[in-house]
Amino acid sequence: FLHKDNDIRHNIFNLTLVAVCLRIIYDTRSSTKTLAYLLLVIFVPVAGIIFYFSFGINYRKRKLYTKKLIEDERLAEKLIQEIFSYSRKTLEESNPEVHHSKELAYLLVRDNQSALTSGNALKLLINGEEKFPEVLETLQSAQNHIHIEYYIYEDDSIGNEVAETLMQKAKEGVEVRFIYDDFGSHKVKRKLVKKLKEAGVQVFPFYEITFFALANRMNYRNHRKIIVIDGKTAFVGGINVSDKYINQDSETKKLFWRDTHLRIDGPGIFYLQYLFLCDWNFCAKENVQPNKIFFPMISNTENKGNQVLQIAASGPDSDHPTILYSLIQAISLAKKEVLITTPYFIPGESVMDALAVASLSGVKVKLLVPGVSDSMLVNAAARSYYTELLRAGVEIYLYKKGFVHAKTMVTDRKVAIVGTANMDYRSFDLNFEVNAVVYDEKIASELAEVFFDDLKYSERIEKEKWDSRSSAKQLLERTARLISPML
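The sequence shown begins at 454 in the working numbering and counts up by one.
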């Protein structure tokens, strides 16, 4: 009987393993990722199955929620046609920087229905010490509404300072809507959320996690950092709400954080407002619709500036990995120079090929990554890609002053990209992300200057020295690369 019971258990286990493998093949879009998960569940079956159902299960085909904001089909279709018409007109009337990358602009219009907007005033904000004073001052000026959404929002000094401003504005009658990611900002649930609600702030978590031990909801996180004020001003970029982003002389400050954010005044905020309302309706289970309060400049032709901007967004709700496509297109359109800063570099074959082709074609490609990382495993996986890039002539620099968390790209000093998306599988495939694409020589040149200033605190990787590192290190990096699609 014992022998028979063992046979039954063995057969059940084998059937379960086969079923899980079939699920992985059917449900995982990336062949590299599929192979990684298959190897994991076959060679470490129990732990591998638990890991897959905790971190890897793909709900993309099940659509977490729809981006559809406007229920009236005819109105939605009319607005889409207006977006195409407006974008074509913007392209015709715009500066050479836009024409240099018109294929990128068309990609975002067609795939994202993201309008190419002119008449914007843009401002780069470097690190938390530049961002937060600007944010607090602008929040204080709010008259109608504040929409704020963050991946990480800490219950610390700056978190409480922003919260106090939100509560003050709510008491003044300003509508304040606040979305926090339930994984990245789970600590605010203890006290801060309760205080905000008591003061009249409307607060909801994104994709709420009931049990952190059941981690499948740790995927599909809202990694966006968006603030929209009165439908006129917005902030977007890599800087979360946390004291660690503010670099001040203090004994409590352990690590210098380098990051980049962008302030937008003008019609470029429209798509950020749209994204927020989609996210809000999902989180709050409401049906807030667009109106002239949320989009007041629809009837206002006054330009705030002369800079051209477009928003790229993607996530599990997207038909395509739009941010990935936009980065590849920007790299492929470069003629002279590509400057990339990213804290997490697990690019996948398509980005690797785009970078190698650009470099081998004579484009100067420079990549800035952390010398100090907050994840040893991710850092090891990232380093496994360096050899191929170095052989293609890409220059790779390790930032030594602290931790570089900025997610930026500059091409030919004509296009600048600032956003929330890292150059890794998670940002391209699993998280809700947003990037601002700026077609402006002034902003692109400013961001290039910031990049080269960061290089002063960086060490360039020399190919000969890199090739001679120990076999043990190379084995560790290559092993980490095997599971990099799952990181």
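All C-beta atoms, glycine included, are put in the ideal place defined by N, C-alpha and C. Please read all numbers here as calculations on a predicted model, not as lab measurements.
- Query: Buried or exposed: where does residue 636 fall if 16 or more other Cβ atoms within 10 Å of its Cβ makes it buried?
  - Reply: Start at 1 with the first residue of the sequence shown, and residue 636 comes out as number 183. When all chains shown are included, residue 636 counts as buried.
- Query: Are residue 679 and residue 887 touching if we call contact CB-CB under 9 Å?
  - Reply: Looking up residue 679 in the sequence shown gives position 226. Looking up residue 887 in the sequence shown gives position 434. Yes, they are a contact pair.
- Query: Can you give the beta carbon distance from residue 684 to residue 747, rounded, assuming they're within the 8 Å contact cut?
  - Reply: Reading the sequence shown from its first residue, position 231 is the one you call residue 684. Reading the sequence shown from its first residue, position 294 is the one you call residue 747. Between residue 747 and residue 684 the Cβ distance is about 5 Å, and since that is below 8 Å, they are a contact.
- Do you know how far the Cα of residue 536 is from the Cα of residue 562? Taking the first residue of the sequence shown as position 1, residue 562 is located at position 109. Taking the first residue of the sequence shown as position 1, residue 536 is located at position 83. Each residue's Cα considered, the two are about 8 Å apart.
- Closer than 6 Å by C-beta to residue 797: which residues in its own chain qualify, once you throw out the five before and the five after it? Chain order, please. Looking up residue 797 in the sequence shown gives position 344. 831, 875 and 877.
- Name the one or two DSSP bridge partners that residue 764 has. Sequence index remark: in the sequence shown, residue 764 carries index 311 (1-based). DSSP lists 889 as partners of residue 764.
- Message: What does the alpha-carbon distance come out to for the pair residue 930 and residue 836?
- Response: Within the sequence shown, the letter at position 477 stands for residue 930. Within the sequence shown, the letter at position 383 stands for residue 836. So the two alpha carbons sit approximately 6 Å from each other.
- Item | Close Cβ partners of residue 640 (< 8 Å) along its chain, the five nearest in sequence each way excluded | In the sequence shown, the residue the question calls residue 640 occupies position 187. Excluding positions up to five away in sequence, the list reads 607 and 608.
- Task: For the segment 780-792 and the segment 582-593, state whether three or more C-beta atom pairs, one from each stretch, are separated by less than 8 Å.
- Result: no
- Counted within 10 angstroms of its Cβ, other Cβ atoms place residue 862 as buried (16 or more) or exposed: Here residue 862 corresponds to residue number 409 of the sequence shown, with the count starting at 1. Answer is buried; the Cβ neighbour count reaches 16.
- Task: Starting from the C-beta of residue 946, find all residues in its chain whose C-beta is less than 8 Å away, skip the five residues before and the five after it, and write them out in chain order.
- Result: With the chain covering 454 to 940 only, the question about residue 946 has no answer from this structure.
- Message: Measuring alpha carbon to alpha carbon, tell me which residue in 885, 634 and 480 is nearest residue 663.
- Response: Start at 1 with the first residue of the sequence shown, and residue 663 comes out as number 210. Among 885, 634 and 480, the Cα nearest to that of residue 663 is on 634.
- Same chain only: Cβ atoms within 7 Å of residue 926, ignoring 5 sequence neighbours per side: Here the question's residue 926 lines up with position 473 in the sequence shown. Excluding positions up to five away in sequence, the list is empty.
- Task: Note the first and the last residue of the continuous alpha helix (DSSP H) segment covering residue 836.
- Result: Translated into positions along the sequence shown, residue 836 becomes position 383. Per DSSP, residue 836 belongs to the alpha helix (DSSP H) from 829-836.
- Message: According to DSSP, residue 680 sits in a beta bridge with which residue or residues?
- Response: On the sequence shown, residue 680 is found 227 positions in, with the first residue counted as 1. Note: residue 680 sits in a beta bridge opposite 601 and 688.
- Verify whether the separation of the beta carbon atoms of residue 576 and residue 716 is less than 9 Å. Numbered from 1 along the sequence shown, position 123 holds the residue referred to as residue 576. Numbered from 1 along the sequence shown, position 263 holds the residue referred to as residue 716. Contact: yes.
- Query: Roughly how many angstroms lie between the CA atoms of residue 777 and residue 463, to the nearest whole one?
  - Reply: On the sequence shown, position 324 is the one that residue 777 refers to. On the sequence shown, position 10 is the one that residue 463 refers to. C-alpha separation (whole angstroms): 43 Å.
- Message: Please state the DSSP three-state secondary structure of residue 567.
- Response: On the sequence shown, residue 567 is found 114 positions in, with the first residue counted as 1. Looking at residue 567 - three-state DSSP - the assignment turns out to be coil, as it is neither helix nor strand.
- Item | C-alpha distance - residue 848 paired with residue 919, whole-angstrom precision | In the sequence shown, the residue the question calls residue 848 occupies position 395. In the sequence shown, the residue the question calls residue 919 occupies position 466. Going from the Cα of residue 848 to the Cα of residue 919 covers about 12 Å.
- Item | Bounding residues of the alpha helix (DSSP H) (the contiguous stretch that carries residue 777) | Within the sequence shown, numbered from 1, the residue matching residue 777 stands at position 324. That run of the alpha helix (DSSP H) goes 775-786.
- Task: Return the first residue and the last residue of the alpha helix (DSSP H) that residue 633 is part of.
- Result: For the purposes of this step, residue 633 is taken as the residue at position 180 of the sequence shown. First-last for residue 633: 628-634, but that is the beta strand (DSSP E), not the alpha helix (DSSP H).
- Count the other CB atoms within 10 Å of the CB of residue 725; is the residue buried (16 or more) or exposed (fewer)? What you label residue 725 is simply residue 272 of the sequence shown in a count that begins at 1. When all chains shown are included, residue 725 counts as buried.
- Item | C-beta contact flag for residue 732 and residue 659 at 9 Å | The sequence position of residue 732 within the sequence shown is 279, counting from 1. The sequence position of residue 659 within the sequence shown is 206, counting from 1. Result yes, Cβ atoms of residue 732 and residue 659 sit closer than 9 Å.
- Figure out for me which residue from 882, 879 and 858 has the closest Cα to the Cα of residue 871. Counted from its first residue, the sequence shown places residue 871 at position 418. Comparing Cα-Cα distances from residue 871 to each of 882, 879 and 858, the minimum goes to 858.
- Task: Return the residue from the list 688, 789, 822 and 799 that minimises the CA-CA distance to residue 578.
- Result: Translated into positions along the sequence shown, residue 578 becomes position 125. Taking only the C-alpha atoms, the option nearest residue 578 is 688.
- Pick helix, strand or coil for residue 932, following the three-state DSSP scheme. Along the sequence shown, one-based indexing puts residue 932 at 479. It is helical.
- Can you tell me where the alpha helix (DSSP H) with residue 839 in it begins and where it stops? Position 386 of the sequence shown, counted from the start, is the residue given in the question as residue 839. Looking at the DSSP string, the run of the alpha helix (DSSP H) that includes residue 839 is 839-844.
- With burial defined as no fewer than 16 other Cβ atoms inside 10 Å of the residue's Cβ, what is the status of residue 550: buried or exposed? Locating residue 550 in the sequence shown gives position 97, counting from the first residue. Flag for residue 550 reads buried.
- Cβ neighbour criterion (16 or more within 10 Å) applied to residue 879: As a working note, residue 879 is residue 426 in the sequence shown. Per the 10 Å Cβ criterion, buried.
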